[in-house]
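Read through the structure below, which is laid out as structure tokens, and then see the notes.
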Amino acid sequence: MGVIFDIQRMSVHDGPGLRTTVFLKGCPLRCKWCHNPEGLSNKIQLRYLNEKCIFCGRCAKVCKQGVHSFRNKQHKVDFTKCVLCGRCISECPSKALDFCGKECSPKEVIDFVAKDACFYDIDGGVTFSGGEAMQQVDFLLALLKESKKRKYHTCIDTSGYAAWHDFEKILPYTDCFLYDIKAFSSQIHVRSTGVDNQLILDNLYKLSNYHKDIFIRIPLIKEYNAFESEIRQIAVMLGKLPIKGVTLMPYHVLGRTKRAMIGMNQSELFTAPSKDEMHEFKEIFQDNNVEII
Amino acid sequence: MNPIITALRKDMLLTKHACARIPLPKEWTTKDLPYSLAERKAYAIKMIFEQMPLYIGEHELIVGTRTIYGKTDETWKSQSCYDYNAMPSYVNQADIAYFGFNHEFVSKAHYTPDYSIVLNIGINGLLKKLDDQIEKYQLEDQIQFAKSVKIVYSGLQILIKRYANYALELAEKASENRKKELNEIAEVCNNISENPASNIREACQMFWFLYLGTIIENFQFVNFGRIDQMLFSFVKKETIEELTELTGSLLLKMYDQYDLILVDKNLMGKYSAQHNITIGGVKRDGTNGCNIVTKAILLALHQTRLPEPLVSVRVNKTAPDWFLKLASELTVSGMNCMAYYHDEQVIDSLNHAGIQLEDARDYGFGLCQDILIPGRGDHYCSGGVNLTVVFLATLRELKDKELTYQQFFDSYKQNVIREVDHNLQAYNYWENAILQYNNGNKTCFFDSMKQGLFSPDEPALGITSAQAARNEQDQSGSTELYIQSLMSPLPFTSAMYHGCIDNGIDLTRCGCKNKDKGVMILSPVIAFNGLAALKKVVFQDKRCKLKDVANALDQNFEGYEVLRQYLWNAPKWCNDDDFVDQDAVELIHITAKEIQKFKTPYGGRHLSGIHQPHPVFAGRTMPATPEGRFAGTPIPVTISPENGTLKDGPAGAMKSAAKINSRDLQWNSCLMLQYYSSTFGENDGAQKFAKLLKAYFKLGGVQHQPNVVDVDKLKDAQIHPENYKDLIIRMWGVSAHFVDLPKDVQDEFIARFN
């Protein structure tokens with residue numbers, strides 16, 4: 066069994082072709098700009114969507130822990146008190162409350178994924194993302210094996226921050242990697258994600274010997290990595306590796322609102338590179354013979 | 194970019210040709226001429242052909258523009274609610290006394306003729322054929338019909354010759370280059386005014402004149418049909434570039450009337466012709482129909498980029514790779530006027546319903562994407578059944594009973610069947626009266642009318658919500674009847690329908706070869722979602738009684754927000770959820786089966802289809818509904834998801850839609866889905882769209898109307914319309930420039946992304 070927090074059907078940005086993306090819960094990194102904060106904790110969490118709440122107060126009536134309280138048309142949720150009994154969720158008429166995360170067996174997940182197999186054609190398939198998919202490596206392995214049993218093309222979206230022997234486990238069942246590079250410089254990496262990037266870069270070098278399709282994804286945040294010299298160092302490094310290409314992903318604010326829903330503090334606001342800067346960065350990669358996707 | 198297309202497109206958007214337009218002179222009339230009604234109508238049309246002002250734009254190679262429009266001020270109210278309804282009066286007091294009603298200015302339009310009939314034999318050939326037929330006809334009505342056709346086509350001959358002379362006149366004062374072009378125009382016009390088209394240039398020009406004639410006769414809403422098939426037979430050694438320029442000129446011509454305005458500006462803000470071209474598919478013999486003209490049209494569309502014509506793309510396995518590739522590129526680039534069809538499935542369904550295989554392979558499109566057989570089968574329309582209206586009536590009828598869900602569902606299905614029977618019976622009375630009338634038994638029509646078996650104002654019942662936009666005009670004091678009538682024959686259009694001349698019967702009197710008719714299944718998705726909401730909230734979770742839901746609807750949910758939330762959050766259609774889909778599919782199946790049980794008096798079939806009414810207007814007249822929708826708010830287009838209920842994106846919607854048995858529907862059905870432009874923003878976006886479409890078809894899906902837009906741009910366009918003049922969106926059977934639309938229609942569209 067493992068914990069997932071979403072399955073996105075017909076995703077077009079998570080690998081080749083038309084795909085289904087399964088999001089596994091739990092992540093060892095704490096990127097300041099995280100777009101999927103609900104993937105950070107490996108536990109199931111209560112989630113509350115303020116826009117959907119009609120302030121009917123039914124949740125407060127059924128909750129024995131006193132999680133919900135209402136004052137002046139304000140619904141306060143004390144996430145720390147929640148024991149995940151689910152009573153408030155089944156009583157909520159507007160679906161303002163739900164569980165973020167679900168415990169599933171690998172077969173359950175892949176049975177759901179199978180609904181979309183008709184869209185895969187030759188290149189599409191299933192992508193495992195997160196959180197950090199490698200965090201639940203045994204569950205991931207089981208998911209991959211189940212996928213391969215059904216002949217799906219498999220892809221893993223990873224930060225690369227996992228033990229190499231874990232990668233070795235899943236390699237035989239993985240066709241393709243979406244591999245995040247957040248920084249070349251170790252200081253920037255530590256400052257922005259809370260961990261050092263040596264393991265990530267080492268794993269990438271090792272992985273590149275295995276003839277898998279590797280697509281690199283780089284989030285661009287002006288406050289951290291989006292400046293010329295840093296980008297150039299990444300480009301030079303990647304230029305020497307047999308990767309398929311790079312996708313540049315400018316910072317966006319989408320993830321911020323999601324934090325409050327699971328009781329996390331608001332994150333800082335960052336800046337995306339301008340159009341001109343994006344253009345400049347693309348050129349740097351192209352100069353190093355790295356294809357931009 | 195082709196320079197001619199660029200120049201023509203610019204002129205078209207400036208509507209330079211509008212300067213030639215005049216209102217129909219009030220004194221034009223043919224009602225006192227000593228001829229039959231049919232001939233007087235023909236003379237009225239001829240009068241327009243003979244006297245309509247001429248216009249040749251400075252870059253035009255294909256000429257001819259609609260220059261007469263109807264006046265819409267107070268005094269003309271009884272005649273026309275639209276700028277583009279213009280016809281000299283031809284009905285006299287004796288006609289009105291005879292019929293007991295006045296249908297002088299009515300047409301249901303929705304036609305798609307087979308223009309090749311006249312393209313191939315030429316006007317002289319047609320006139321000759323009519324003379325021969327007059328010798329053979331037995332009935333006075335038949336002779337009058339043939340004479341009426343002769344009158345209108347001799348009128349067209351005059352119009353074309355006038356254009357030839359006008360081109361020569363302009364040539365005298367023109368520059369050297371333009372002189373040559375104008376002389377060519379004159380030569381082309383002179384030839385086709387008498388003879389069959391002898392090359393592609395002449396065919397395009399004649400096609401346009403024939404279209405102009407039908408649109409003048411019908412006022413509006415006539416479609417182009419399979420233009421790639423029609424024009425291909427005239428291609429000789431032309432290059433793809435030459436053909437792209439020529440078809441591009443023709444496509445731009447199809448936007449000729451876009452400056453004309455509806456009286457009711459709320460509908461679209463301005464004119465929308467909604468005219469449809471059909472491309473691709475197979476030929477009548479079943480082999481691949483994609484040809485060099487098809488390719489030229491697709492290439493030209495990349496340059497013309499206008500919301501009209503609407504482009505119906507028949508995707509068949511026999512098609513070459515470039516076909517879907519070029520079409521998908523248009524779609525992902527935001528040309529949101531394309532609709533895709535699973536060709537094999539449509540043909541199978543038509544054929545299975547009893548339509549001859551050759552005709553089934555030759556299907557094309559009418560307005561609102563209704564399927565028809567161009568020039569052979571005129572399917573619009575023998576009636577309808579509004580699944581939501583019947584659902585609400587059933588809920589009211591049963592609200593105090595203690596029932597199981599199954600009992601409720603069964604009663605509902607019975608009510609649907611009763612409604613279908615009632616409405617189709619009424620249509621059949623009307624058609625039977627017409628049949629008798631054609632055979633010389635004229636009293637039957639008047640007797641049946643007196644007995645109240647049908648109303649001549651409303652031969653097709655149950656389609657009110659499809660015409661909601663029109664019905665609103667009743668408030669302004671003028672009604673436009675959208676019907677066929679004995680008082681409003683269509684001699685011009687009839688000549689381009691197989692069978693009319695052979696039988697000597699006008700198209701409006703069921704004269705064309707195939708007698709099949711389409712039946713509208715309306716507002717199904719509200720009913721699907723309503724059923725599921727009751728099943729979940731009332732019958733399964735037992736949160737309330739049927740009566741409570743009925744009361745909540747009466748109050749438009751005021752004071753019932755908690756109940757409304759439970760209903761609204763019950764499972765919904767288009768999410769691949771069998772809790773909803775199973776009953777939805779059964780409901781469509783039962784309805785379609787009942788419709789297909791009926792034959793028309795002429796021996797045609799009633800074909801079922803889920804029509805595409807205006808989501809905003811049809812919604813305005815719809816009270817609150819049990820899935821949690823408030824009264825008066827928009828309703829979804831045919832089988833597309835209700836706004837705000839799509840959880841799993843296109844995949845879920847496609848899987849739900851594909852569950853409907855494709856043989857249940859022949860006449861229309863539409864899965865309209867919205868995509869963020871970023872979805873297909875990467876280099877292989879077109880390829881991804883094509884893959885998605887193919888997968889959907891493989892699942893058994895039949896139709897898809899995609900909208901690829903950037904929602905932020907839509908929102909910005911509401912504030913800064915001047916920056917988004919070329920932004921095209923598809924709303925139902927209609928595409929338009931987003932910034933031209935009224936605010937509520939814009940809002941409905943944006944809400945689709947919620």
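Quick mapping for you: the protein sequence lines, in order, are chains H and P.
Mapped onto our numbering, the consecutive letters of the first sequence carry residue numbers 66 to 358.
Mapped onto our numbering, the consecutive letters of the second sequence carry residue numbers 194 to 947.
The C-beta atom is built at its ideal place from N, Cα and C for all residues, glycine as well.
Could you please give the first and the last residue of the uninterrupted alpha helix (DSSP H) stretch that includes residue i?
i	result
residue 505/P	Careful: residue 505/P lies outside any alpha helix (DSSP H), inside the beta strand (DSSP E) at 503-508.
residue 357/P	333-366
residue 304/H	293-304
residue 939/P	936-944
residue 134/H	That residue, residue 134/H, is in no alpha helix (DSSP H); its beta strand (DSSP E) goes 133-136.
residue 398/P	393-411
residue 255/H	251-258
Which residue marks the beginning of the beta strand (DSSP E) containing residue i, and which one marks its end?
i	result
residue 284/H	278-285
residue 578/P	573-579
residue 142/H	139-142
residue 84/H	84-89
residue 74/H	67-76
residue 899/P	896-902
Can you tell me whether residue i is helix, strand or coil according to DSSP?
i	result
residue 365/H	The structure shown has nothing for residue 365/H, since chain H only spans 66 to 358.
residue 762/P	coil
residue 457/P	Since pLDDT at residue 457/P reaches only 49, below the 50 mark, its modelled position is unreliable, and no value is offered.
residue 857/P	helix
residue 648/P	strand
residue 923/P	strand
residue 966/P	The requested residue 966/P is not part of the displayed model; chain P covers only 194 to 947.
residue 205/P	helix
residue 100/H	coil
residue 800/P	strand
residue 300/P	coil
residue 268/P	Only weak support is given to the placement of residue 268/P: the predicted model assigns it a pLDDT of 48, under 50, and the question is left unresolved by the model.
residue 320/P	helix
residue 929/P	strand
residue 707/P	strand
residue 261/P	strand
residue 311/H	strand
residue 452/P	coil
residue 286/P	helix
residue 544/P	helix
residue 349/H	helix
residue 274/P	Residue placement at residue 274/P is flagged as unreliable, the pLDDT there being 49, under the threshold of 50; the coordinate-derived value follows with that caveat. If DSSP states are grouped into helix, strand and coil, residue 274/P belongs with coil.
residue 557/P	strand
residue 913/P	coil
So residue i contacts chain H; which residues on that side make the cut at Cβ distance below 7 angstroms?
i	result
residue 759/P	158
residue 841/P	74
residue 728/P	Here the premise fails: no neighbours, minimum Cβ distance about 17 angstroms.
residue 872/P	77
residue 884/P	82, 83, 186
Using the beta-carbon of each residue, which ones in chain P are nearer than 8 angstroms to residue i?
i	result
residue 358/H	875, 876
residue 210/H	Correct list: empty, because the minimum Cβ distance to chain P is about 24 angstroms.
Can you pull the chain H residues whose beta carbon is under 9 angstroms from the beta carbon of residue i, in chain order?
i	result
residue 755/P	119, 121, 123, 158, 159
Would you mind telling me which residues of chain P sit closer than 7 angstroms to residue i, beta carbon to beta carbon, in chain order?
i	result
residue 183/H	888, 891, 892
Strictly below 8 angstroms CB to CB, what residues from chain H border residue i?
i	result
residue 948/P	Outside the shown range of chain P, which is 194 to 947, sits residue 948/P, and nothing can be said about it.
residue 845/P	74
Is residue i near the ligand SAH, judged by its Cβ being under 8 angstroms from some heavy atom?
i	result
residue 181/H	Looking at this structure, you won't find the ligand SAH or any other ligand, since it has none at all.
Cβ pair count under 8 angstroms reaching 3, the region 138-145 of chain H against the region 83-91 of chain H | Taking a contact to require three or more Cβ pairs closer than 8 angstroms, the region 138-145 of chain H and the region 83-91 of chain H do not qualify as touching.
Are there three or more Cβ pairs, one per stretch, closer than 8 angstroms when the region 210-218 of chain H is compared with the region 243-253 of chain H?
-> Under the 8 angstroms Cβ criterion, the region 210-218 of chain H does not count as touching the region 243-253 of chain H, having fewer than three qualifying pairs.
Note down, in chain order, all residues in the region 70-90 of chain H with a beta-carbon under 7 angstroms from any beta-carbon belonging to chain P.
-> Cβ contacts with chain P come from 74, 75, 77, 82, 83.
Short-range partners of chain P found in the region 174-199 of chain H, where Cβ spacing is below 9 angstroms | Of all residues in the region 174-199 of chain H, 180, 181, 183, 184, 185, 186, 188, 189 have a Cβ within less than 9 angstroms of some Cβ in chain P.
Members of the region 769-785 of chain P near chain H, C-beta cut-off 7 angstroms = Residues passing the 7 angstroms Cβ filter: 769.
Residues in the region 488-522 of chain P having any Cβ partner in chain H nearer than 7 angstroms = Correct list: empty, as no residue qualifies.
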